[in-house]
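**Student:** Okay, here's the structure, questions in a sec.
2 protein chains.
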Amino acid sequence: MKAPFHAVPGSIVAPQGFLASGVFCDLKRLGTGKGSDRGRKPDLALIYSEVPCSAAGLFTTNQVCAAPVKLCIPRVARGCARAIVANSGNANACTGRQGMRDALDMAATTAAEFKIPIHHVLVASTGRIGIPLPMPHVRRGIRQAAFSLGSTVADATLAAQAIMTSDTRPKQLAVECRLGRHTVRLGGICKGAGMIHPGLSASARPPAARMLHATMLCFLTTDAAIDARALQAALQEAVARSFNRITVDGDMSTNDTVLALANGLAGNPPLKAGWNIMRRQPEFATFQEALNHLCLELAKSIVRDGEGVTRFVTVRVQGARSAADADAAARAVANSALVKTSWFGGDPNWGRIMGALGYSAASVAETRVDIGYSAPGSRQVLWSLKRGQPTTATFKQLCQAVAPGEFDLHIRLNLGRASAYIYAADLTETYVDFNKGDLSNPAALGG
Amino acid sequence: MKAPFHAVPGSIVAPQGFLASGVFCDLKRLGTGKGSDRGRKPDLALIYSEVPCSAAGLFTTNQVCAAPVKLCIPRVARGCARAIVANSGNANACTGRQGMRDALDMAATTAAEFKIPIHHVLVASTGRIGIPLPMPHVRRGIRQAAFSLGSTVADATLAAQAIMTSDTRPKQLAVECRLGRHTVRLGGICKGAGMIHPGLSASARPPAARMLHATMLCFLTTDAAIDARALQAALQEAVARSFNRITVDGDMSTNDTVLALANGLAGNPPLKAGWNIMRRQPEFATFQEALNHLCLELAKSIVRDGEGVTRFVTVRVQGARSAADADAAARAVANSALVKTSWFGGDPNWGRIMGALGYSAASVAETRVDIGYSAPGSRQVLWSLKRGQPTTATFKQLCQAVAPGEFDLHIRLNLGRASAYIYAADLTETYVDFNKGDLSNPAALGG
């Protein structure tokens with residue numbers, strides 16, 4: 000079956016009525032002149048819709064969350080926004096009351112530029128923790144960004160670059176789909192690199208959440224007409240299948256944010272919330288599918304561009320006793336330092352995988368476990384272990400299976416029917432080297 | 000106050016009536032000739048008491064546990080043993096029924112040499128996972144080890160070397176204390192290096208255990224007269240304060256084992272179990288203190304000799320709402336890849352620590368947290384953060400505080416009165432390099 004959507008250029012400005020820009024205002028400089036992104040990339044992004052939008056968002060479940068996260072949660076709950084202002088180089092986290100004042104100031108400066116209500120501006124930050132924002136720089140940057148807004152591919156790319164920190168490349172995508180007679184577009188930009196194990200939730204820490212870390216930001220735009228509750232529901236489903244299923248280093252950031260704006264300029268009959276209505280609307284299903292695809296591709300691009308990452312591994316657990324067990328088993332394997340280093344070495348080490356399964360919170364019976372490898376998405380699995388016993392697969396065959404830059408790791412617990420998957424990366428010397436910090440540069444202090 | 004014990008040479012053979020040996024029988028060779036320890040160190044250790052002993056033990060809580068662990072659990076429960084046979088190079092884990100037969104065979108071969116009941120022999124293994132033991136080598140090794148038994152410091156050192164895997168040095172210690180008129184000695188050897196985050200328990204997986212991994216083995220001997228239940232109680236307390244409070248990489252092994260033998264040759268009035276009796280016996284308190292010291296020093300030596308470790312950090316959490324919260328907060332920080340790499344870089348990065356605290360299962364209020372550093376055991380803390388706000392400590396001062404090879408990290412949550420500590424290590428490029436495996440050498444497959 001043909002996918003009901005296809006890629007188009009322009010990411011966040013592909014949908015009608017959205018403008019974007021990325022400017023440089025030297026937020027990392029800190030007065031020392033060190034660590035500046037000058038000449039390298041912009042560090043302040045602005046996204047603006049010509050008309051007010053439905054808004055939805057998901058935020059880090061880390062108890063220590065940044066000022067912009069605290070600012071956005073109630074605004075997103077109101078369901079209406081029109082602009083997103085975001086900076087890299089400074090996370091505005093652990094900055095106390097000054098941090099809240101600065102986040103508000105970012106929103107106010109942006110609102111003043113466009114003469115829109117201050118609560119129609121959403122704010123996000125990523126970078127160093129614990130250092131106040133250089134607000135004169137930020138304000139100047141916002142004014143410049145408002146002046147530079149445009150709707151070309153280059154404008155969107157500048158915005159995507161502006162939110163990058165240790166990312167090596169901008170991450171952006173847009174898709175187009177048909178909702179009945181109407182052509183609808185969805186676009187997004189995101190950033191990731193280190194501290195990647197998001198646990199995103201709509202508002203507060205979910206009960207018994209036990210999730211781990213990364214600064215990832217993702218901003219999505221669409222010209223679909225969709226009310227805020229329906230957009231929030233769709234975003235939650237898409238994030239559950241994408242950003243909440245990736246891990247680079249098992250650390251969860253204080254700043255993780257996913258925001259979505261829908262301005263309705265496509266003119267489709269509005270998609271509305273309410274379980275029954277949503278399920279009976281084929282247009283909603285199509286929109287959801289396109290949004291899922293967009294989020295998944297952006298999420299995967301974060302893992303692939305993780306700090307020092309050389310291998311992208313999809314850990315697929317099947318046959319777990321419960322969904323929670325499947326998830327726990329997949330995350331234990333995906334976050335084991337020993338398993339991740341063996342991926343880096345191209346070593347098909349099932350002993351370490353068994354060890355990680357054994358200490359996970361999932362029920363595991365050693366004599367039931369199957370472990371195997373395949374090409375991404377393929378069902379042709381080379382099993383290295385069946386029912387806890389090594390198969391006839393040779394060491395050389397197994398090495399070949401884990402040699403590519405991307406492969407799937409299949410784990411069958413054979414105890415039940417639940418399954419889960421996690422997109423994971425290897426652990427490399429480059430990651431350690433990158434994160435050990437640069438002491439000649441206090442600007443590298445952050446998370 | 001003077002400690003009621005002092006160090007003596009000889010480790011496991013320091014107590015009366017214990018003999019030890021370490022021999023080479025090439026268990027890593029695997030027929031390929033690669034990965035052999037030939038000429039480097041022995042790989043089979045034997046510890047033997049001239050008279051039957053009270054026995055106690057604690058084992059990995061990993062659901063995937065090795066054959067020797069399965070063999071020892073019921074034997075230790077019977078409370079009587081006389082010999083310990085242990086090998087490195089092969090973990091005898093994930094080896095199915097053959098593995099159980101081989102572990103039994105190791106016990107039987109040892110029992111036959113000494114003409115003692117087979118259930119008086121305890122067995123331990125460490126090394127590669129999933130490969131059957133080369134039993135002809137093992138049997139020959141056991142006979143040779145039985146023939147080579149001795150009670151000199153050199154014999155104990157050979158045994159300590161024989162259980163090493165990626166350890167760079169043997170770990171051993173003995174202490175002497177006075178129980179009334181009687182001189183009692185306690186000795187121990189251990190090994191660690193990678194996969195270090197033990198979660199040890201007397202028998203089965205404790206309810207709601209959520210612990211993480213390393214192969215660590217520790218064998219303790221004493222000539223104190225103490226019944227098996229009292230020895231088990233004392234061992235549990237000592238391990239709770241030592242081996243269960245260390246982490247190198249957050250991975251928990253399939254083979255973690257701590258065994259203790261007490262042969263009573265010191266002639267003291269036997270220490271007996273029963274809560275009331277134990278508390279009223281000052282001799283028991285002295286014995287416990289000596290055992291605690293022995294286990295703690297051995298446990299710390301494991302962290303210091305962890306794979307690629309350059310920094311030994313004691314993470315001290317105070318002011319948590321509950322003991323579980325304190326433990327969760329300390330472990331989240333001690334196992335965060337970002338925090339551990341910052342230690343490696345000598346970077347006093349409190350942002351990453353706050354991030355890890357925030358995603359831990361512990362209750363944390365950003366505006367209450369204090370973070371500081373001190374020399375090991377010192378109360379002179381240089382605070383970098385007070386109530387969530389940076390102090391006047393300069394970046395240079397903080398760098399100096401985290402520059403030494405050993406320091407304490409103090410975290411006050413200021414929400415309650417519970418505290419916890421974890422002995423942790425940094426994450427270095429050497430760790431990654433070591434664990435990425437050596438593909439020219441299938442013998443490096445193990446955990």
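Each protein sequence line maps, in turn, to chains A and B. All letters in the first sequence, in the order written, are residues 0 to 446 by numbering that gives the first Met the number 0. All letters in the second sequence, in the order written, are residues 0 to 446 by numbering that gives the first Met the number 0. We treat Cβ as the ideally placed atom computed from N, Cα and C, and that holds for glycine.
Return the chain-ordered ranges of every alpha helix (DSSP H) run that is complete within the segment 221-269 of chain A and spans a minimum of 4 residues.
**Tutor:** 227-239, all fully within the segment 221-269 of chain A.
**Student:** Distance check for B:Ala-159 and B:Ala-153, CA to CA, integer angstroms please.
**Tutor:** Your numbering for residue 153 of chain B matches position 154 in the second sequence. Your numbering for residue 159 of chain B matches position 160 in the second sequence. If you take the alpha carbons of B:Ala-153 and B:Ala-159, they lie about 10 Å apart.
**Student:** Got a sec: which bits of the segment 409-436 of chain B sit with their beta carbon under 7 Å from any beta carbon on chain A, in order along the chain?
**Tutor:** Within the segment 409-436 of chain B, the qualifying residues are Leu-426, Thr-427, Glu-428, Val-431, Asp-432, Asn-434, Lys-435, Gly-436.
**Student:** I need the straight-line Cα distance from B:Ala-355 to A:Ala-360, nearest angstrom please.
**Tutor:** Numbered from its first residue, the second sequence carries residue 355 of chain B at position 356. Numbered from its first residue, the first sequence carries residue 360 of chain A at position 361. Rounded to whole angstroms, B:Ala-355 to A:Ala-360 spans 20 Å at the Cα level.
**Student:** With a threshold of 8 Å between beta carbons, is A:Glu-405 in contact with chain B?
**Tutor:** Taking the first residue of the first sequence as position 1, residue 405 of chain A is located at position 406. No, its Cβ sits nowhere closer than 8 Å to a Cβ of chain B.
**Student:** Using the C-alpha atoms, what's the distance from B:Lys-395 back to B:Leu-18?
**Tutor:** On the second sequence, position 19 is the one that residue 18 of chain B refers to. On the second sequence, position 396 is the one that residue 395 of chain B refers to. If I take the Cα positions, the gap works out to 53 Å.
**Student:** I'd like the span of the alpha helix (DSSP H) that includes B:Ala-145, first residue to last.
**Tutor:** Here residue 145 of chain B refers to the residue found at position 146 when the second sequence is read from its first residue. Segment 134-147, the alpha helix (DSSP H) holding B:Ala-145.
**Student:** In chain A, which residues lie with their C-beta within 7 Å of the C-beta of B:Cys-71?
**Tutor:** Locating residue 71 of chain B in the second sequence gives position 72, where the first residue counts as 1. Ordered by position in chain A, no residue passes the 7 Å Cβ test against B:Cys-71, which lies about 17 Å from the chain.
**Student:** Could you check whether the Cβ of A:Gly-88 sits closer than 8 Å to any Cβ belonging to chain B?
**Tutor:** Taking the first sequence and counting its residues from 1, the one referred to as residue 88 of chain A is at position 89. So, not an interface residue.
**Student:** Please decide whether B:Pro-206 counts as near chain A, where near means a Cβ-Cβ distance under 8 Å.
**Tutor:** Start at 1 with the first residue of the second sequence, and residue 206 of chain B comes out as number 207. Confidence at B:Pro-206 is low in this model, with a pLDDT of 28, below 50, so the placement of that residue is unreliable and no value is reported for it.
**Student:** So what does B:Ser-48 bridge to, in DSSP terms?
**Tutor:** Within the second sequence, the letter at position 49 stands for residue 48 of chain B. Bridge partners of B:Ser-48: B:Phe-17.
**Student:** Determine, for A:Tyr-372, whether the minimum Cβ-Cβ distance to residues of chain B falls below 8 Å.
**Tutor:** Working through the first sequence from its first residue, we reach residue 372 of chain A at position 373. Closer than 8 Å: no.
**Student:** Assuming contact is defined by CB atoms lying nearer than 8 Å, are B:Ile-128 and B:Ala-102 in contact in what I supplied?
**Tutor:** By one-based count along the second sequence, residue 128 of chain B stands at place 129. By one-based count along the second sequence, residue 102 of chain B stands at place 103. Cβ atoms of B:Ile-128 and B:Ala-102: not closer than 8 Å.
**Student:** Does the separation of the CB atoms of B:Ala-80 and B:Leu-121 fall below 8 Å?
**Tutor:** Here the question's residue 80 of chain B lines up with position 81 in the second sequence. Here the question's residue 121 of chain B lines up with position 122 in the second sequence. Going by C-beta atoms, B:Ala-80 is nearer than 8 Å to B:Leu-121.
**Student:** Taking B:Thr-246 as the reference, which of B:Val-332, B:Gln-143, B:Trp-382 has the closest Cα?
**Tutor:** Your numbering for residue 246 of chain B matches position 247 in the second sequence. Looking at the Cα atoms, B:Val-332 is the closest of the given residues.
**Student:** Secondary structure at A:Leu-185, three-state DSSP: helix, strand or coil?
**Tutor:** To locate residue 185 of chain A, count along the first sequence from 1; it is residue 186. Here A:Leu-185 sits in strand by DSSP.
**Student:** Just tell me which of B:Asn-86, B:Gln-171, B:Thr-167 has its CA closest to the CA of B:Arg-138.
**Tutor:** Position 139 of the second sequence, counted from the start, is the residue given in the question as residue 138 of chain B. Of the candidates B:Asn-86, B:Gln-171, B:Thr-167, the one whose C-alpha sits nearest the C-alpha of B:Arg-138 is B:Asn-86.
**Student:** Mind pulling the alpha helix (DSSP H) runs of 4 or more residues that sit fully within the segment 52-133 of chain B?
**Tutor:** DSSP runs (the alpha helix (DSSP H)) wholly in the segment 52-133 of chain B: 66-77, 95-113.
**Student:** Please report whether the beta-carbon of A:Ala-92 lies at a distance below 8 Å from any beta-carbon of chain B.
**Tutor:** Within the first sequence, residue 92 of chain A is the residue found at index 93, counting from 1. Interface residue, yes.
**Student:** Here's the rule: buried if 16 or more other CB atoms are within 10 angstroms of the residue's CB, otherwise exposed. What is A:Val-50?
**Tutor:** Sequence index remark: in the first sequence, residue 50 of chain A carries index 51 (1-based). Classification for A:Val-50: exposed.
**Student:** If we count the other Cβ atoms within 10 Å of its Cβ and call it buried at 16 or more, is A:Ser-335 buried or exposed?
**Tutor:** Numbered from its first residue, the first sequence carries residue 335 of chain A at position 336. Burial call: buried.
**Student:** What does DSSP give as the partner residues of B:Leu-43 in its beta bridges?
**Tutor:** Stepping through the second sequence from its first residue, residue 43 of chain B is reached at position 44. DSSP, once it has assigned bridges, lists B:Val-22, B:Asn-86 as partnering B:Leu-43.
**Student:** In chain B, what lies closer than 9 Å to A:Ile-128 by C-beta?
**Tutor:** Start at 1 with the first residue of the first sequence, and residue 128 of chain A comes out as number 129. Correct list: Asn-348, Trp-349, Gly-350, Arg-351, Met-353, Gly-354.
**Student:** Using a Cβ-Cβ cutoff of less than 6 Å, which residues in the same chain neighbour B:Ala-44 once the five nearest sequence positions on both sides are dropped?
**Tutor:** For the purposes of this step, residue 44 of chain B is taken as the residue at position 45 of the second sequence. The answer, listed in chain order, is Gly-21, Ala-85, Ala-158, Ala-161, Ile-162.
**Student:** So what's B:Glu-288 in DSSP terms, helix, strand or just coil?
**Tutor:** In the second sequence, residue 288 of chain B corresponds to position 289, counting from 1. Correct three-state label for B:Glu-288: helix.
**Student:** Should A:Arg-351 go down as buried or exposed, given a rule of 16 or more other Cβ atoms within 10 Å for buried?
**Tutor:** Here residue 351 of chain A is taken as the residue at index 352 of the first sequence, counted from 1. Counting Cβ neighbours within 10 Å, A:Arg-351 comes out buried, since at least 16 surround it.
**Student:** For A:Ala-82, would you say it is in contact with chain B, using Cβ-to-Cβ distances shorter than 8 Å as the test?
**Tutor:** For the purposes of this step, residue 82 of chain A is taken as the residue at position 83 of the first sequence. No, its Cβ sits nowhere closer than 8 Å to a Cβ of chain B.
**Student:** CB B:Val-431 to CB A:Glu-296, shorter than 8 Å?
**Tutor:** By one-based count along the second sequence, residue 431 of chain B stands at place 432. By one-based count along the first sequence, residue 296 of chain A stands at place 297. Not a contact, by the Cβ cut-off of 8 Å.
**Student:** Run through DSSP, which three-state label would B:Asp-369 get?
**Tutor:** Numbered from 1 along the second sequence, position 370 holds the residue referred to as residue 369 of chain B. Correct three-state label for B:Asp-369: strand.
**Student:** Taking just the CA atoms, how far does B:Arg-96 sit from A:Gly-387?
**Tutor:** Your numbering for residue 387 of chain A matches position 388 in the first sequence. Your numbering for residue 96 of chain B matches position 97 in the second sequence. Their backbone Cα atoms lie some 11 Å apart in a straight line.
**Student:** Would B:Ser-321 count as contacting chain A if we go by Cβ distances under 8 Å?
**Tutor:** Residue mapping note: residue 321 of chain B aligns to position 322 of the second sequence, counting from 1. B:Ser-321 does not count as touching chain A.
**Student:** Give me the DSSP bridge partner(s) of A:Thr-313.
**Tutor:** If you number the first sequence from 1, residue 313 of chain A lands on position 314. Beta-bridge pairing links A:Thr-313 to A:Asp-407, A:Tyr-422.
**Student:** With a threshold of 8 Å between beta-carbons, can A:Pro-105 be considered close to chain B, or not?
**Tutor:** As a first step, residue 105 of chain A is located in the first sequence; it is residue number 106 there, counting from the start. It is Met, not Pro, that sits at residue 105 of chain A in the sequence shown. With 8 Å as the cut-off, A:Met-105 does not count as an interface residue toward chain B.
**Student:** Determine which residues share a DSSP beta bridge with A:Glu-428 and list them.
**Tutor:** Taking the first residue of the first sequence as position 1, residue 428 of chain A is located at position 429. A:Glu-428 is not bridged to any residue.
**Student:** CB-CB under 6 Å to A:Ala-325, same chain, minus the five flanking residues each way: which ones, in chain order?
**Tutor:** As a first step, residue 325 of chain A must be located in the first sequence, where it is residue number 326. The residues are Val-316, Ala-319, Ala-417, Ser-418, Ala-419.
**Student:** Do the CB positions of B:Asn-262 and B:Cys-52 come within less than 8 Å of each other?
**Tutor:** Position 263 of the second sequence, counting from 1, holds the residue named residue 262 of chain B. Position 53 of the second sequence, counting from 1, holds the residue named residue 52 of chain B. Contact: yes.
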